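Here our numbering = 1-based position in the sequence shown + 76.
The next block holds one structure in the form of structure tokens; read it before the comments.
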Amino acid sequence: MKSRIRSAIPKKIIGINISLQKRDIIEDIAKSENAEAVFFGNEVMGQQVGYLCGFKGFVRSEKEGEDITDECLIFSGINGRSLDPILKKLREKGAAVELKAIVTAHNQSWNVGELIKELRREHIYMNGGDRDEK
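This is how it looks when you write it as structure tokens:
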């Protein structure tokens, strides 16, 4: 029987359109969790999530993304058990971000703009907003 060795996905917190004030807090929290924090602006809306995570097989896209200004955090290599303390620290330090995602096999091929739009729809729906809003 052959065993498979999987290389662990490095812990990474990817911030999109995050204010400078929140960036410092997120960087400190990432360090305390042995994770890397990286930040991007609106210029990455056309890039695939897997590319921003540094996954093999993903390359930089020349595709222009939409002009989306929502703040978003994308967690890569961080499981649910590790995520809860991170989210608690973000709230306690006043750096909570409404739109958040954990990278999955399903969403790693999405472009960042698509992911943020889907997170926005889910957030509105879960908070009792317009069920038909796009």
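C-beta: ideal position from N, C-alpha, C; glycine also.
Keep in mind it's a predicted model, so treat the numbers as computed, not measured.
Beta strand (DSSP E) containing Gly91: first to last residue?
-> Boundaries of the beta strand (DSSP E) harbouring Gly91: 88 to 92, taken from the DSSP string.
Please name the residue in Arg196, Ile92, Glu168, Trp186 whose C-alpha comes closest to that of Gly117.
-> When each option's Cα is compared against that of Gly117, the closest is Ile92.
Less than 7 Å separating the beta-carbons of Ile89 and Ala111?
-> Yes.
For Ala177, write down the residues that DSSP places opposite it in a beta bridge.
-> Answer is Ile150, bridged to Ala177.
Per the contact definition of three or more C-beta pairs closer than 8 Å, is the region 92 to 108 in contact with the region 193 to 206?
-> Cβ pair count under 8 Å is below three, so no.
DSSP state of Gln123, grouped into three classes?
-> In this structure, Gln123 counts as coil in the three-state DSSP scheme.
Comparing alpha-carbon positions, which option in Gly189, Glu194, Arg196 lies nearest Met211?
-> Within the shown structure, residues of the chain are numbered from 77 to 210, placing residue 211 beyond reach of any answer.
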